[in-house]
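Start counting the sequence shown at 10; every next residue gets the next number (my numbering).
Note that the Cβ used here is the ideal one computed from N, Cα and C, for glycine as well.
Inspection log for the structure reproduced underneath, given as structure tokens.
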Amino acid sequence: MRLLVLILTLLIQSAYTVENIEVSLEKGQLLLTERHSGWGRPRCISCHVLSRIHKDAPHIRGIVAKKGFETCTGCHGSNGTDRPRRCLICHNRQDLPFSPQQTGTHQHDFNIDIDQPLEDHHCLVCHQASDMDGNWELGIDLTHFPDANGVQEPYRHESEFCLRCHNRLHQQPGFPVRSRSLQDPLTMIPYTWRHMDEHGIPSGSGKRIYAGLRPPYRYGVTLACTDCHAMHGTNNPKHIIDNSSKGAFALEIRDQDIPVQVIDHGDYSQLCVLCHEMKQPLEDALVDTGNGLSGVHRVGDDCRLCHTHGKPGMTGL
């Protein structure tokens, strides 16, 4: 009898150890693998007590307690079953309104022709194995897509992730990006970002006539696409952020909820003025763009005449 008790104790401890090794925030691994002692079981309640889990994750423990075991697959995968992974059961405007912000009519829904609400499968395209620890890590929180050589090289910059789909010659299977013209920024941006766009690798010098940035932005720094483009919700076209809190991540005043509206005829001044503030005021530099900020050289005009992604010789927008 004592031998049987000892054997059962060792088996339980072994299973517990395997789970802790395989599912760990410290190791950046939440997805269950075949080493999970309950692999293939569709009912998490068979082994886990709802009131005892997530003691080390207080920001979501209450949500899980309220919504139950239907929340498990979003973070931990399907556990070898056909259960769908559910992300939006927790990541929604009510439960986690800032993780991420999902307000607005335009989302990255992989459809250029119509707007449709984000669904769980949209989330998983870009965030297949996030560890949900609140720290943004390129190698963990973004899906690993192969580069132009078919190799899953680590991302050196957040924008590299975007460019693995947004290009002309090496798009990802199942996610075609349709070019509407030869210079469509949806597919031309890798070339301008690497060679011409001063928001990209060229980075700008600060020596041009309209130079000047709001702190702590500085010249010589490569920006992320998401400084200007909101993937999870915005009311502006082309996924341009509609509020400073949705982008402009280095901006000291980003949390002041400064509104950004793109005017129909191409006036992007409310976006540009979030980061640009001329040292030597020229032209419209002292004119309020409409969101309380000033500092750009043109207000009320079509910025695209000189600043457009994908067009050679232009410094980008």
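Query	Result
Sub-8 Å separation of H238 and Q116 beta-carbons	no
Residues near I72 by beta carbon distance below 6 Å, same chain, minus five either side	C99 and D104
CA-to-CA distance, G299 to G49, given in whole angstroms	56 Å
Closest by C-alpha distance to Q180, when choosing among Q279, G159 and Y164	G159
Where the alpha helix (DSSP H) through Q103 begins and ends	No alpha helix (DSSP H) contains Q103, which DSSP labels as neither H nor E.
Local conformation of H238 per DSSP, three classes	strand
Bounding residues of the alpha helix (DSSP H) (the contiguous stretch that carries K255)	No alpha helix (DSSP H) contains K255, which DSSP labels as neither H nor E.
V271 beta carbon less than 8 Å from that of N252	no
Given 8 Å, three or more beta-carbon pairs between the region 147-161 and the region 211-230	no
6 Å CB neighbourhood of T90 in its chain, flanking five on each side removed	P51
DSSP bridge partner residues for H115 (one or two, in chain order)	T243
Proximity test, Cβ basis, 8 Å: V271 and chain D	Absence of chain D from the displayed structure is noted, only one protein chain being present.
Q38 - DSSP class collapsed to helix/strand/coil	strand
Three-way DSSP call (helix, strand, coil) for L222 in this model	strand
Coarse secondary structure for H45, derived from DSSP in three states	coil
Whole-angstrom C-beta distance between L133 and R94, which should lie under 8 Å	6 Å
Touching by the beta-carbon criterion (3+ pairs, under 8 Å), the region 272-285 and the region 129-143	no
Proximity below 8 Å, CB of H208 to CB of L232	yes
Residue closest to T278, alpha-carbon to alpha-carbon, out of F258, G301, D264 and T112	The residue you asked about is not Thr; residue 278 is Ser in the sequence shown. Here the closest residue by C-alpha is G301.
7 Å Cβ shell around Q265 - same chain, five flanking residues per side excluded	S253
C-beta atoms of S168 and R177 nearer than 8 Å	no
Buried or exposed by the 16-neighbour rule on C-beta atoms within 10 Å, applied to R263	buried
Rounded C-alpha distance that separates A257 from L283	7 Å
Bridge-paired residues (DSSP) for I272	D276
Supposed close pair L127, G86 - CB separation, criterion 8 Å	20 Å between Cβ atoms; not a contact.
Beta-carbon proximity list for I249, same chain, < 8 Å, skipping 5 on both sides	C237, H238, A239, T243, V269, V271, Y277 and L280
Buried or exposed by the 16-neighbour rule on C-beta atoms within 10 Å, applied to I1	Residue 1 falls outside the range modelled here, since the chain spans only 10 to 326, and no answer is possible.
C-alpha distance - D297 paired with M287, whole-angstrom precision	13 Å
Counted within 10 angstroms of its Cβ, other Cβ atoms place K255 as buried (16 or more) or exposed	buried
Among G113, C135 and H131, nearest to P246 - alpha-carbon criterion	G113
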